[in-house]
Every structure is written in C-alpha cells, then in structure tokens.
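Number of protein chains: 2
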Amino acid sequence: MSEYIDHDQHGTTVGPVEKQFFTFAGKEDPFLLESGAEIHPVTLAYETCGTLNADRSNAVLILHALSGDSHVAGYYTPEDPKPGWWDIMVGPGKGIDTDKYFVICTNILGSCMGSTGPASINPETGIPYGTDFPLITIGDMVRAQKILVDHLGIQKLLAVVGGSVGGMQVLEWCVRYPDHVASAVALATTCRHSALAIAFNEVARQSIMADPHWCNGHYYGKAKPGMGLAIARMIGHITYLSDESMRLKFGRRLQNKSALSFEFGAEFQVESYLQYQGRKFIERFDANSFLYITKAADYFDLAREHGKGSLVKSFSKCLARFLVVSYTSDWLYPTYQSREMVTAMKKNNLDVSFCEIEAQWGHDAFLLPNDKLNHLMTGFLRRVSHESAPV
Amino acid sequence: MSEYIDHDQHGTTVGPVEKQFFTFAGKEDPFLLESGAEIHPVTLAYETCGTLNADRSNAVLILHALSGDSHVAGYYTPEDPKPGWWDIMVGPGKGIDTDKYFVICTNILGSCMGSTGPASINPETGIPYGTDFPLITIGDMVRAQKILVDHLGIQKLLAVVGGSVGGMQVLEWCVRYPDHVASAVALATTCRHSALAIAFNEVARQSIMADPHWCNGHYYGKAKPGMGLAIARMIGHITYLSDESMRLKFGRRLQNKSALSFEFGAEFQVESYLQYQGRKFIERFDANSFLYITKAADYFDLAREHGKGSLVKSFSKCLARFLVVSYTSDWLYPTYQSREMVTAMKKNNLDVSFCEIEAQWGHDAFLLPNDKLNHLMTGFLRRVSHESAPV
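Taken in order, these protein sequences are the chains called V and R. Position 345 of the first sequence, counted from 1, bears residue number 345 in UniProt numbering, the numbering being contiguous throughout. Position 125 of the second sequence, counted from 1, bears residue number 125 in UniProt numbering, the numbering being contiguous throughout.
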C-alpha cells in the first residue's frame with residue numbers, strides 16, 4: 001500500500017497504545033515453515049486496543065499489507081505527530097469500534113517493524129539473517145499469528161480484517177482455521193496473485209537486487225540498497241494509484257516551474273511525488289523484507305494450497321461469514337478477482353456480502369476515508385457480533 | 001513497444017533493402033532544437049521500399065516507436081533470419097502495399113540505430129556525447145524527418161503512419177506541416193503523455209541512472225549500464241501487455257518446474273519472460289537513447305505546443321485525412337485518449353475515421369497481425385490515394 005494518508009485527525013482516537021512483543025519457538029521446538037525450513041526464535045510485534053470481553057468473543061484481528069506494521073490506531077504518546085495507519089477506521093465509534101471490539105494488529109513475519117524477518121539476528125551466526133532467512137508464505141504468516149492469538153487466550157476471532165496482502169491473510173485464516181474465525185472482511189485483494197502482479201513485484205525485486213549495495217542481501221551494518229528499494233517502491237506506488245487518480249492529482253503539472261527545463265530530473269509533479277515516496281520509504285523499510293513479503297504474495301494461490309487447484313474446493317471447510325469489497329479503479333486486484341472468490345464462496349453456501357465501491361483512487365482506495373466502507377464495516381461487524389454471540 | 005514479434009513469415013516480402021544515411025547541418029548551419037540547443041552534424045538512417053511514382057505522390061512515411069529502427073520491412077540479405085519490424089504490414093499486397101506506395105522509414109533523432117543520438121561522436125570533443133547531448137522533442141524528430149523528405153524530393157507525403165511514440169510523430173507532422181501531409185494513420189497513441197505514462201517512464205529512467213555503470217551518461221567504451229536498462233525495459237514491457245494477455249500467456253505457470261522453489265529468481269514464466277526481454281534489449285539498445293526518447297515522449301503535448309493549451313486549436317491549420325485506431329486493452333494509451341483527439345479533429349471539420357479494435361494484447365496489439373487493421377489500412381490508403389491524385 002502507499003504511504004499512509006496524512007491525517008488531520010481531530011476525531012476521537014484510542015488511548016495511548018503500546019507496541020508489545022511475543023516470542024515463541026526455541027532451538028528444540030523451532031517454527032516449521034511451508035518451505036520445510038525451520039526458524040527460531042520467532043517474535044511478533046503486536047498492538048491491541050479496546051477491551052477483551054469476559055467470554056473473549058469480541059476480538060478482531062487486523063492484518064496489514066506489504067509495508068504496514070502493528071501500529072494500526074491511536075498514538076504511542078500524546079506528542080506523537082501521527083496516529084496508526086488505519087486510525088480513520090479503528091477507534092471509539094469508528095467502523096471498527098474499539099468501544100465494542102478488542103482489536104489486535106500484529107506485524108507480519110518477514111517484516112522489519114518488530115517481527116522476525118531477514119534483518120533479525122540469526123541465532124546460528126549472531127549476525128542478521130539477510131538472505132539466509134528462509135522464504136516465507138502467507139500461510140506461514142497466518143500460522144505465526146494463530147500462535148499469538150492462542151497465547152492471548154482467544155479461541156475464536158470475531159473477525160479477521162485486511163486489505164491487499166492483508167486480505168490474502170484474511171482468506172488464509174478462514175480456510176486454514178475454519179473453527180477459529182467467525183467472520184472475515186477481505187478488501188481489495190485476490191485469491192491468487194496474477195501474472196501482472198507477479199511481474200510488477202519481480203521487476204521491483206530486480207531493482208533491489210541490482211543495487212550494488214544489496215550485496216546479495218548481506219548489507220546490514222553497511223550502506224543500504226536505498227536506490228534499489230526506492231525504485232521498487234516507485235513501481236509499487238504506480239500500481240496503487242490509477243490513471244484517473246494520477247490525472248486528477250498530478251496531470252502534466254510541472255514542479256515549481258512554468259516552462260520545460262530540458263533537463264533530466266523531477267520536472268513533472270508526478271515524478272517529484274514518486275521520488276519523494278521512494279526516499280521516504282528507504283527511511284522506514286528494509287529492502288530484504290520487501291523481497292520476502294512480495295515473494296510471499298506472489299506465491300499466494302488459495303486454490304493450489306487448499307483446493308488441489310479448485311478455488312471452490314479451497315473454501316469447502318470454511319465457516320466464516322464474509323464481507324468482500326473491491327474498488328472500481330483498482331487494477332492491481334481488479335473486481336473480477338473479488339467476484340471469483342465470491343462465486344467460490346457462494347458455491348459453498350457461505351454467507352457472503354459483496355460490494356464493489358465506486359472509487360477513482362485505485363488500489364489505495366481501501367486505505368482512504370470512505371463513508372461507504374465505514375458503513376459496510378459497522379453493519380457487518382454488528383451483525384456478526386449479534387449472530388456469533390453465545391446463547 | 002515490445003520486442004517485435006517473431007515472424008514465421010512465408011508471405012511475400014519486399015526485395016532486399018538497404019540502410020541508407022542522410023547527413024545535414026554543419027558547424028555553420030547547425031540544427032536548432034526546440035530547447036534552444038544546436039547540434040551538427042545530424043545523420044538520419046533510413047530505408048525505402050517500393051518505387052516513387054513520377055509525380056512523387058505515393059510516398060508513405062512510417063514512424064517507429066521508442067525502440068524501433070529504420071528497418072521496417074524486408075530482409076537486408078537473403079540469409080537474414082528476421083525481416084523488418086513491420087513486415088506483416090509493409091510489403092507487396094500487404095496493408096501498406098509496396099507495389100503501390102513508396103515507403104520510407106527513418107530512425108528517429110536521439111536513437112542509436114544509425115541516426116544521431118547520445119552515442120554519436122560530439123564534434124566538439126571527439127568522443128560520444130553521452131548526456132552532453134541536448135534534450136530533444138517529438139517536434140525535433142519530425143523537423144529532422146522533414147529535411148530528409150525534402151531531400152528525397154517529396155513535396156507532399158501521401159500518408160504518415162505510426163503507432164505509440166510513432167503516432168505522436170504522426171500527429172506532430174500533420175499539425176506542423178499541414179501542406180505536406182495528405183493523410184495520417186495514428187495507432188495506439190495520444191496527444192499528450194498522461195501522468196501514468198510519465199510515471200512509468202520516470203521510474204524506468206531512474207533505474208538506468210541508478211546503475212553504477214551509467215556514470216552520469218558517459219559510459220561509452222566502458223561497461224554499459226545493462227542491468228538498469230534491462231529493468232527499464234521490463235517496466236516498459238509490462239505496460240505494453242495487459243492483465244488479460246499476461247493471464248493467457250503466462251498465468252501462474254512455473255518455469256521448468258512443478259513445485260515452488262522457495263528461492264528468489266525467475267520461477268514463474270512471466271518472470272523468466274521479462275528477464276529474457278530485458279537481457280535481449282541490452283544487446284541492441286543504448287541506455288542513453290532510452291532516456292532521451294522517453295523524455296521526448298513525456299514532453300509531448302500537442303495542445304501546449306500548437307494550441308496554446310487547446311487541443312481543438314492545435315488542429316486548426318491541419319488538412320490531413322485521419323485514420324485513428326485504438327485497442328480495447330491498451331491501458332498505456334487508452335481509447336479515451338484517442339477519442340479526445342478524434343473529437344478535437346472533428347471540431348475542426350477534419351475527415352476522420354476512428355476505430356477501436358477489440359484486442360486482448362494491450363498496447364502491443366498495434367504490432368501484432370490483425371486482419372481488421374490490415375483491412376482498415378488498405379481501404380484508407382486506397383481512398384486517400386484516389387482522392388489525393390492530381391487531376
């Protein structure tokens with residue numbers, strides 16, 4: 001997803017939140033990955049807001065996208081200039097109402113925002129894994145999350161919610177742990193990464209790996225492959241927008257100039273914007289994590305993993321109620337891909353609500369303020385909350 | 001445009017063709033560019049097929065796209081494994097019938113296929129220009145072509161024909177030299193580069209300029225910025241295809257394997273294909289030319305250059321008959337952009353035929369065999385040929 005929107009947020013937010021860490025898997029009981037590789041220890045960074053109710057039935061697990069983190073809502077300190085990445089959706093009285101629900105958000109395995117990933121220390125060598133870190137899958141991310149949820153004493157999640165790569169985790173949760181998920185909200189996502197999406201990810205990875213500072217992934221403590229990562233981010237960024245949104249936001253407007261410069265460099269506003277996004281990303285994200293998480297997304301194919309090639313079959317044990325949302329201008333995970341999953345769910349007689357939201361902002365739309373989504377989310381969670389209540 | 005299609009071409013082609021060179025502009029009469037810079041000498045590589053008729057009224061100028069060259073049709077020698085890039089369209093009895101028309105195709109200014117560009121020797125220094133080559137525009141390319149056409153003794157072209165960046169040159173010809181163009185065929189093109197198209201070009205340029213071998217553009221005689229150029233090409237390539245064509249051509253099929261490798265590298269067929277296209281491109285194209293030509297495309301804005309911001313006004317002196325063709329799955333220059341130019345032409349009471357061709361192959365469709373396009377081309381050229389005949 002793109003850089004989270006800048007909030008000029010005067011609405012209510014959750015009280016101060018704190019990043020917490022949960023560590024599991026030791027040398028004797030390592031975490032087995034789908035590749036067959038093993039890692040230990042595994043740490044997941046996570047944050048919670050709201051209060052878990054007595055029967056532990058109000059937990060909502062939020063799953064973040066490619067470059068997200070556990071800081072989903074609220075501020076760490078009163079001085080914090082920016083709230084969490086989905087503060088417009090998560091908080092008291094908001095779409096995911098923290099007065100009602102206990103929200104958990106955990107940084108994914110493979111990331112660099114507190115959870116174990118390629119920048120973590122390899123206990124075998126005492127230095128960061130780099131590319132000795134084994135490849136991971138969306139399934140691995142979700143299996144690690146399940147261990148955390150167990151640790152929190154939650155037998156069944158009221159809802160799993162996420163967009164983009166987070167939406168893939170939502171689908172994986174429902175299919176892998178049917179008895180532990182009452183409902184699911186899958187936004188702007190897909191059941192399998194398309195050739196187009198793989199292509200963009202691969203070119204972005206090539207860009208990182210072509211950076212002379214990448215050093216085959218062992219660059220920690222040295223210069224970072226910043227330019228490669230910035231270009232990778234710029235490529236990604238274009239896919240998060242749309243022809244229409246770029247025309248409206250930038251058009252052919254020049255940066256600080258009225259005439260063409262006849263020089264290379266950021267001359268059009270769209271060029272300057274992309275370069276800025278690239279630079280900002282270098283400061284906060286690890287290039288290797290970008291490689292690992294995009295590869296996990298490329299590997300994602302629910303039908304192959306869980307349905308022997310049949311998407312319908314992959315949902316056969318699933319019990320969750322679904323809200324599936326796509327956006328008209330999202331060309332990375334276009335609506336037809338959401339329709340495919342909805343069709344497969346319906347063939348399994350699952351309870352599915354589907355909505356294609358009219359939006360010009362491309363894939364990024366799922367992160368932007370949208371009354372329609374808020375309304376859908378509120379209604380869906382209220383309904384599943386009532387229907388899932390113990391009798 | 002993408003790597004030209006592999007021909008298994010047993011149809012008739014033009015006889016052996018020969019690359020020719022025309023040089024103009026000396027130290028005393030340099031070629032003045034739109035930027036205000038001057039260059040000399042200027043060489044254009046060009047090829048011709050067919051025969052110029054007695055009254056010199058059957059000349060068709062074909063304008064190539066980003067990475068094309070003057071070798072539009074036929075073979076250089078009988079042993080030549082591949083014909084010119086548009087051999088399916090240009091030849092005896094073909095859409096552009098060389099039994100009827102005298103076809104000229106010239107490598108654009110700024111390219112590296114025989115015409116003057118950044119790899120040419122700078123007469124001031126005796127070494128290649130590199131990035132001391134001044135920035136050029138689509139207008140500059142066309143003005144150089146006009147000098148060649150004059151040199152060939154052709155007062156009025158029967159038609160100018162081109163797609164993509166070649167289509168931009170078509171539009172520029174008609175607007176800049178209204179008295180010298182009887183008709184024009186603009187395929188899969190635009191009157192102004194969109195923010196989306198600029199964004200992709202800029203990221204591709206960044207990739208070249210981030211290559212440590214780029215050396216600020218002065219890499220001639222040393223290692224080439226191959227990886228940067230390959231990545232730039234891969235980015236471009238994705239934009240030439242479509243979600244549908246990539247799904248049909250590659251889907252999620254693996255390269256030589258039945259199971260995931262859990263390693264980085266070209267594992268999906270689409271990854272392998274893009275890497276192959278990137279590598280092939282390095283062998284035949286100059287990275288600096290890629291920078292200069294993409295920048296010229298980004299600068300292209302007919303309304304700004306010729307209509308004081310009004311597209312309608314920019315066609316006000318235009319006299320040519322037009323055939324405008326777009327393709328349903330072309331998301332780089334989508335149909336709405338062709339419709340915009342058609343509307344502006346019609347407001348000037350120009351004779352315009354417009355067709356949106358149903359095609360799943362994205363922007364590349366204009367280079368692929370298509371009966372509909374052949375039919376349109378044949379009919380259009382026959383009509384303008386009759387209507388333009390001297391009475």
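Cβ coordinates follow ideal geometry from the N, Cα and C atoms, glycine included.
The C-beta distance from I136 of chain V to Y292 of chain V rounds to 6 Å, short enough to meet the 8 Å contact threshold. Sorting V:Y333, V:A344, V:F322 and V:P83 by C-alpha distance to the C-alpha of A303 of chain V places V:A344 at the top. Contact between the segment 227 to 240 of chain V and the segment 353 to 365 of chain V is established, with three or more Cβ pairs separated by less than 8 Å.
Residues of the segment 138 to 154 of chain R with a C-beta less than 8 Å from any C-beta of chain V: none at all. At a cut-off of 8 Å between C-beta atoms, D330 of chain R does not count as an interface residue with respect to chain V. As a beta-bridge residue in DSSP terms, Y46 of chain V pairs with V:Q20 and V:T106.
Membership of I62 of chain R in any alpha helix (DSSP H) is not indicated; the residue belongs instead to the beta strand (DSSP E) covering A59 to L63.
Taking all protein chains shown into account, T23 of chain V has fewer than 16 neighbouring C-beta atoms within 10 Å of its C-beta and is therefore exposed. The closest CA to that of K156 of chain R, considering only R:C174, R:Y299 and R:G163, is found on R:C174. Per DSSP, the beta-bridge partners of S353 of chain R are R:L323.
Secondary structure note for V165 of chain V: its alpha helix (DSSP H) is the uninterrupted segment V165 to R176. Within the segment 265 to 284 of chain R, F268, V270, E271 and L274 place their CB atoms closer than 7 Å to a CB of chain V, listed in sequence order.
Within its own chain, the residues whose Cβ lies closer than 7 Å to the Cβ of D330 of chain R, once the five positions on either side in sequence are excluded, are A188, G362, H363 and A365, listed in chain order. In the three-state scheme derived from DSSP, where H, G and I count as helix and E and B as strand, V72 of chain R is classed as coil. Taking 8 Å as the threshold, the shortest C-beta distance from I108 of chain V to chain R does not fall below it. Around the beta carbon of I62 of chain V, a 10 Å sphere encloses 16 or more other beta carbons of the protein chains shown; the residue is thus reported as buried.
Relative to the Cα of V324 of chain V, the nearest Cα in the group V:Q337, V:I108 and V:S310 belongs to V:Q337. Using a CB distance cut-off of 8 Å, Y219 of chain V does not count as an interface residue toward chain R. Shown in chain order are the members of the segment 225 to 240 of chain R whose Cβ falls below 9 Å from a Cβ of chain V: M227, G228, A230, I231, M234, I235, H237 and I238. A199, F200, E202, V203, R205, Q206, S207, M209, A210, D211 and P212: these are the residues of the segment 199 to 218 of chain V whose beta carbon lies less than 8 Å from some beta carbon of chain R, given in chain order.
Residue pairing by DSSP puts R192 of chain V in a beta bridge opposite V:D301.
Under the 10 Å beta carbon count, E38 of chain V is surrounded by fewer than 16 other beta carbons and is classified as exposed.
Residue range S183 to L187 is occupied by the beta strand (DSSP E) that includes A186 of chain V. The three-state secondary structure of A159 of chain V, taken from DSSP, is strand. Counting other Cβ atoms within 10 Å of its Cβ, D298 of chain R reaches 16 or more and is therefore classed as buried. Assignment of L254 of chain V by DSSP, reduced to helix, strand and coil, places it in the strand class. Cα atoms of W214 of chain R and E356 of chain R: separation of roughly 40 Å, rounded to the nearest angstrom. Taking 8 Å as the threshold, the shortest C-beta distance from Y327 of chain V to chain R does not fall below it.
Contact of G117 of chain R with chain V is not assigned, every C-beta pair being separated by 8 Å or more. If you look at Y336 of chain R, you'll find it in the alpha helix (DSSP H) that goes T335 to K347. Here R284 of chain V is exposed. Its C-beta has fewer than 16 other C-beta atoms within 10 Å. Its chain contains G95 and I96 as the residues whose beta carbon lies nearer than 6 Å to that of M89 of chain R, once the 5 sequence neighbours on both sides are disregarded; these appear in chain order. Y299 of chain V belongs to the set of residues whose beta carbon lies under 8 Å from a beta carbon in chain R.
Shown here for Q255 of chain R: same chain residues with a beta carbon closer than 8 Å to its own, the five before and five after excluded, namely A266, E267, F268, Q269, E271 and S272 in chain order.
If the five residues before and after R233 of chain R are omitted, its C-beta is found closer than 7 Å to the C-beta atoms of Q277, G278 and F281, all from its own chain and listed in chain order. Collapsing the DSSP output to three states places G126 of chain V in coil.
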